[in-house]
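Worksheet: one structure, shown below.
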Amino acid sequence: MTVHHINTPQEWKSLLSSTQYVVADFYADWCGPCKAIAPMYEQLAKTLSIPNFLAFAKINVDTNKAVAYEHRVSAMPTFLFFKDSKRVAANGNSMIQGADWPSLKAACEKMGKLAKEKKAAADQAK
């Protein structure tokens with residue numbers, strides 16, 4: 007699975023309502039650290055995404071000001087974590103600001119583990 011590029015507030019709400027866990031990357035095209043960490047974020051999305059259980063989103067703060075404002079994003083990149091449409095902490099971080107690869111990787115791996123467990127439980131219940 008690839009990263010979901012969010013273009014409207016409606017797309018954002020739809021992703022949150024259809025996926026149990028969401029990792030969001032709030033970025034800007036002009037942001038150097040955003041560009042530096044983008045390939046690593048893409049790799050996390052490819053290896054950890056589970057449809058309906060864990061999704062990775064990219065939200066451009068310049069073209070999606072309403073979504074960025076709603077979540078009080080003031081620095082780029084900012085990574086936020088969601089469970090059942092609500093903001094949560096992942097691996098002890100409720101927010102990661104800047105291109106902090108070790109923290110981002112650990113938080114995403116934790117979300118991936120939780121999503122995998124939820125999917126296994128859902129599969130077993132079938």
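Counted the way the numbering used here counts, the sequence shown spans residues 7 to 132. Using N, Cα and C, we set each Cβ at its ideal position, and we do this for glycine too.
Could you give the C-beta distance for Tyr33 and Pro83, rounded to a whole number, given that I count them as a contact under 8 Å?
In the sequence shown, counting from the first residue as 1, residue 33 sits at position 27. In the sequence shown, counting from the first residue as 1, residue 83 sits at position 77. Rounded, the Cβ-Cβ distance is 5 Å, consistent with contact.
Any idea what DSSP makes of Ser49, helix, strand or coil?
Within the sequence shown, the letter at position 43 stands for residue 49. This sequence places Gln at residue 49; Ser is not what is there. It is helical.
Complete runs of the beta strand (DSSP E) confined to the stretch 16-75 [at least 3 residues]:
27-33, 60-66
In the DSSP output, what is Arg93 paired with across the bridge?
Taking the sequence shown and counting its residues from 1, one reaches residue 93 at position 87. Beta-bridge pairing links Arg93 to Phe88.
So, Ile43 versus Trp107, is the Cβ gap smaller than 8 Å?
The count along the sequence shown starts at 1 and reaches residue 43 at position 37. The count along the sequence shown starts at 1 and reaches residue 107 at position 101. In this structure, Trp107 lies closer than 8 Å to Ile43 by Cβ.
Taking C-beta to C-beta, are Pro15 and Ala72 nearer than 8 Å?
Within the sequence shown, the letter at position 9 stands for residue 15. Within the sequence shown, the letter at position 66 stands for residue 72. Yes, they are a contact pair.
State the Cα-Cα distance for the pair Leu110 and His77, rounded to the nearest angstrom.
Along the sequence shown, read from residue 1 onward, the residue named residue 110 stands at position 104. Along the sequence shown, read from residue 1 onward, the residue named residue 77 stands at position 71. Near 18 Å, if we compare the C-alpha coordinates of His77 and Leu110.
Taking the alpha carbon of Gly98 as the reference point, which residue from Cys114, Ala105, Leu60 has its own alpha carbon closest?
In the sequence shown, counting from the first residue as 1, residue 98 sits at position 92. It is Cys114 whose Cα lies nearest to the Cα of Gly98.
Please classify Thr69: is it buried, with 16 or more other beta-carbons within 10 angstroms of its beta-carbon, or exposed?
The residue you call residue 69 lines up with position 63 of the sequence shown. Thr69 is exposed by the Cβ-count criterion.
Hey, would you say Val94 sits closer than 8 Å to Ala51, going by beta carbons?
If you number the sequence shown from 1, residue 94 lands on position 88. If you number the sequence shown from 1, residue 51 lands on position 45. No, Cβ-Cβ distance for Val94 and Ala51 is not below 8 Å.
Would you check if the distance between the CB atom of Met101 and the CB atom of Leu60 is smaller than 8 Å?
On the sequence shown, position 95 is the one that residue 101 refers to. On the sequence shown, position 54 is the one that residue 60 refers to. Their beta carbons are not under 8 Å apart, which means Met101 does not touch Leu60 by this criterion.
Let me know if Trp18 comes out buried or exposed under the rule of 16 or more other beta-carbons within 10 Å of its beta-carbon.
Position 12 of the sequence shown, counting from 1, holds the residue named residue 18. Under this definition Trp18 is a buried residue.
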